[in-house]
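Chemist: If you're matching them up, the sequences are chains A and B in order. Taking my numbering, the leading residue of the first sequence gets 1, the next gets one more, and so forth. Taking my numbering, the leading residue of the second sequence gets 1001, the next gets one more, and so forth. Provided herewith is a single structure, encoded as structure tokens, for subsequent inquiry.
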Amino acid sequence: MARITASVYTSHVPAIGVAMDLGKTQEPYYAPLFAGYEPARAWMAANTPDVVVLVFNDHANAFSLEMVPTFALGMSARYEPADEGWGARPVPPVVGQPTLSAHIAHSVIREDFDLTLVNDMPVDHGCTVPLSIMFGQPDAWPCAVIPLVVNVVQYPIPSGRRCLELGKAVRRAVESYDEDLDVQVWGTGGMSHQLQGPRAGLINQKWDNEFFERLVNDPEGQATVEHVEYVREAGSEGIELVMWLVARGAMADLAGGGAPTEVHRLYHVPASNTAAGQLILKDASTMTTFA
Amino acid sequence: MALEKPYLDIPGTTVFDTDQAAKGYHLNQFAMSLMRAGNRERFKADEDAYLDEWPMTGEQKQAVRDRDYNRMIELGGNIYFVAKVGATDGLNYVQIVSSMTTNDAEAHAEMMIGGGRSPDGNRYLHEWEHKR
Chain A
1 MARITASVYT
11 SHVPAIGVAM
21 DLGKTQEPYY
31 APLFAGYEPA
41 RAWMAANTPD
51 VVVLVFNDHA
61 NAFSLEMVPT
71 FALGMSARYE
81 PADEGWGARP
91 VPPVVGQPTL
101 SAHIAHSVIR
111 EDFDLTLVND
121 MPVDHGCTVP
131 LSIMFGQPDA
141 WPCAVIPLVV
151 NVVQYPIPSG
161 RRCLELGKAV
171 RRAVESYDED
181 LDVQVWGTGG
191 MSHQLQGPRA
201 GLINQKWDNE
211 FFERLVNDPE
221 GQATVEHVEY
231 VREAGSEGIE
241 LVMWLVARGA
251 MADLAGGGAP
261 TEVHRLYHVP
271 ASNTAAGQLI
281 LKDASTMTTF
291 A
Chain B
1001 MALEKPYLDI
1011 PGTTVFDTDQ
1021 AAKGYHLNQF
1031 AMSLMRAGNR
1041 ERFKADEDAY
1051 LDEWPMTGEQ
1061 KQAVRDRDYN
1071 RMIELGGNIY
1081 FVAKVGATDG
1091 LNYVQIVSSM
1101 TTNDAEAHAE
1111 MMIGGGRSPD
1121 GNRYLHEWEH
1131 KR
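Following this line, the structure appears as structure tokens:
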């Protein structure tokens, strides 16, 4: 059977991808951030899953305003990196896992989550930058990826509660899939940042660090926090952090199991306009079943 | 009953909701068209002609010509869409974002290195009343 082995959380700042694409990671501005990523990359190299369910938001690249799906699941065997206006990133195509996508769709929709199923879409920095952060610059990504795209751009957007519950449903879906696969759920975006208006540039280190604590230790409580608190405290684009709750919802402790083990945490200001955060939680079931 | 919008009480911030999306539909669709390299070239070659292909308001077209991102957002633009105008100009996000603030790009980058804009004094509209 397939199993959830870990959840990973990371910012997906475009400039981090640009720094890698242009070979600037050792420049003084970026060197501390990329040094901070090293433990996560080492852990990931030793714990590479077969499939990542990668939760991110589209930034006006796959979806125009013609249609704005609240939750969209990628069903495809392949996703091309988007040209967001600067030209497409020079990274490998993202390889999907259509049979697991189909299984998740059937399982989750039958649990009343009305996902939009997407058979063809490009993937933007929200998807490719986390892959670059965790895997570096390989010729091909070392695992399959199932994109799970959340609307956090056009309000109304899904609540923290709904995101957490979706993560729980994704766990149940994965655990009912017959093939023997290691699956991670990644929640991406954030941390505090605001990209628009005279208040742009807002960073709230205190709130971000409290968010880490609440996400790890009190996810059900964090899921009740209203959107307006994210926007007021962590900036208009800091709202992306609600997507971390999808990944957190997939951990065993929210399905009656043990608490996850934190194996890595990073917080760095700034990456371009943004506070960059990263967290890895190892699922409890991994330790009990395969210790 | 009117929709509750608690986010209207945050200074210097426009939350892109369905009302803004309705106002800015064609502005945002125009901006998104700049994802295609051929469209970026046509826009750069003749901005007015390209803008006239879209049923945008005169104010929206002028905000684009002025590269006034605050005005674009006021008129229904969303940052991820209108940033493609900046991308077409060869600007990065720090340059686009700083243009909406009182800082230039260099000062904005310095502020970010210094830890960014503090939330203190920047949470509620009444805290900005002295800035009017």
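Ideal placement from N, C-alpha and C gives every residue a C-beta, glycine not left out. Just so we're clear, the structure is a prediction, and the values are computed from it rather than from any experiment.
(1) Give the straight-line distance between the Cα atoms of Thr289(A) and Thr224(A), rounded to the nearest whole angstrom.
(2) Round the Cβ separation of Leu266(A) and Ala40(A) to the nearest angstrom and send it over; I've been treating them as touching at under 8 Å.
(3) Which residues in the same chain as Val91(A) place their Cβ atom closer than 6 Å to its Cβ, once the five residues preceding and following it in sequence are excluded?
(4) Restricting to Cα atoms, I'd like to know which of Met44(A), Val52(A), Leu33(A), Val13(A) is closest to Val185(A).
(5) Provide the residue(s) that pair with Glu262(A) in DSSP beta bridges, ordered along the chain.
(6) Can you pull the chain A neighbours of Asp1017(B), defined as C-beta to C-beta under 9 Å?
(7) Are the C-beta of Val1064(B) and some C-beta of chain A separated by less than 9 Å?
(8) For Asn1078(B) and Val1097(B), I'd like the C-alpha separation in whole angstroms.
(9) Mind checking who Ser176(A) pairs with in its DSSP beta bridge?
(10) With Pro158(A) and Thr70(A) assumed to form a contact (beta carbons below 8 Å), what rounded beta-carbon distance in angstroms separates them?
(11) Check whether the Cβ atoms of Val1015(B) and Ser176(A) lie closer than 9 Å to each other.
(12) Along chain B, in chain order, which residues have C-beta atoms closer than 7 Å to that of Ile203(A)?
(13) Alpha helix (DSSP H) containing Trp317(A): first to last residue?
(14) Once DSSP output is grouped into helix, strand and coil, what is the label at Leu164(A)?
(15) Among Ala62(A), Arg248(A), Ser76(A), Met1(A), whose alpha-carbon lies nearest the alpha-carbon of Val166(A)?
(16) Where does Phe290(A) fall in DSSP's three states?
(17) Taking 9 Å as the CB-CB cut-off, is Leu22(A) touching chain B?
(18) For Gln1060(B), which residues in chain A fall below 9 Å Cβ to Cβ?
(19) Cutting at 8 Å between CB atoms, please list the residues of its own chain near Met75(A), excluding the five before and the five after it.
(20) Mapping DSSP to helix, strand and coil, what is His59(A)?
(21) For Ala1063(B), I'd like the list of residues in its chain whose CB is within less than 7 Å of its CB, leaving aside the five on either flank, ordered along the chain.
(22) Nearest to Arg1067(B) by alpha carbon, out of Pro1055(B), Met1001(B), Gln1095(B)?
Modeler: Here's the rundown:
(1) Taking the first sequence and counting its residues from 1, the one referred to as residue 289(A) is at position 289. Taking the first sequence and counting its residues from 1, the one referred to as residue 224(A) is at position 224. Low confidence applies here, because Thr289(A) scores a pLDDT of 47, under 50, leaving its location unreliable; read the following figure in that light. One alpha carbon belongs to Thr289(A), the other to Thr224(A), and they sit about 32 Å apart.
(2) If you number the first sequence from 1, residue 266(A) lands on position 266. If you number the first sequence from 1, residue 40(A) lands on position 40. Contact holds; Cβ gap of about 7 Å.
(3) Locating residue 91(A) in the first sequence gives position 91, where the first residue counts as 1. Pro81, Thr128.
(4) In the first sequence, the residue the question calls residue 185(A) occupies position 185. Measuring from the Cα of Val185(A), the nearest candidate turns out to be Val52(A).
(5) Residue 262(A) sits at position 262 when you count from the first residue of the first sequence. Residue pairing by DSSP places Glu262(A) opposite Leu281(A) in a beta bridge.
(6) Here residue 1017(B) refers to the residue found at position 17 of the second sequence. Taking a Cβ-Cβ cut-off of 9 Å, the neighbours of Asp1017(B) in chain A comprise Gln154, Tyr155, Pro156, given in sequence order.
(7) Working through the second sequence from its first residue, we reach residue 1064(B) at position 64. No, no contact with chain A.
(8) Along the second sequence, read from residue 1 onward, the residue named residue 1078(B) stands at position 78. Along the second sequence, read from residue 1 onward, the residue named residue 1097(B) stands at position 97. Near 12 Å, if we compare the C-alpha coordinates of Val1097(B) and Asn1078(B).
(9) In the first sequence, the residue the question calls residue 176(A) occupies position 176. Partner(s): none; Ser176(A) has no beta bridge.
(10) On the first sequence, residue 158(A) is found 158 positions in, with the first residue counted as 1. On the first sequence, residue 70(A) is found 70 positions in, with the first residue counted as 1. Between Pro158(A) and Thr70(A), the beta carbon gap of about 6 Å places them in contact (Cβ cut-off 8 Å).
(11) Start at 1 with the first residue of the second sequence, and residue 1015(B) comes out as number 15. Start at 1 with the first residue of the first sequence, and residue 176(A) comes out as number 176. Contact flag unset, no.
(12) What you label residue 203(A) is simply residue 203 of the first sequence in a count that begins at 1. What Ile203(A) touches in chain B: Gly1115, Gly1116, Arg1117.
(13) There is simply no residue 317(A) to check, as chain A begins at 1 and stops at 291 in what is shown.
(14) Taking the first sequence and counting its residues from 1, one reaches residue 164(A) at position 164. It is helical.
(15) Looking up residue 166(A) in the first sequence gives position 166. The sequence as given places Leu at residue 166(A); Val does not occur at that position. When each option's Cα is compared against that of Leu166(A), the closest is Arg248(A).
(16) The sequence position of residue 290(A) within the first sequence is 290, counting from 1. Legend: pLDDT at Phe290(A) = 46, less than 50; position of this residue unreliable, no value from coordinates given.
(17) Sequence index remark: in the first sequence, residue 22(A) carries index 22 (1-based). Taking Cβ atoms only, chain B never reaches closer than 9 Å to Leu22(A), which makes this a no.
(18) Counting from one through the second sequence, the residue named residue 1060(B) turns up at place 60. What Gln1060(B) touches in chain A: nothing, since even the nearest Cβ is about 14 Å away.
(19) Counting from one through the first sequence, the residue named residue 75(A) turns up at place 75. For Met75(A), where only same-chain residues beyond five positions count, the Cβ hits under 8 Å are Gly96, Pro98, Ser101, Ala102, Ala105, Leu117, Val118, Asn119.
(20) As a position in the first sequence, residue 59(A) is number 59, starting the count at 1. For His59(A), the secondary structure class from DSSP, reduced to helix, strand or coil, is coil.
(21) If you number the second sequence from 1, residue 1063(B) lands on position 63. Non-local beta-carbon contacts of Ala1063(B) in its own chain, meaning distances under 7 Å to residues more than five positions away in sequence, involve Arg1071, Met1072, Leu1075 in chain order.
(22) Along the second sequence, read from residue 1 onward, the residue named residue 1067(B) stands at position 67. Measuring from the Cα of Arg1067(B), the nearest candidate turns out to be Gln1095(B).
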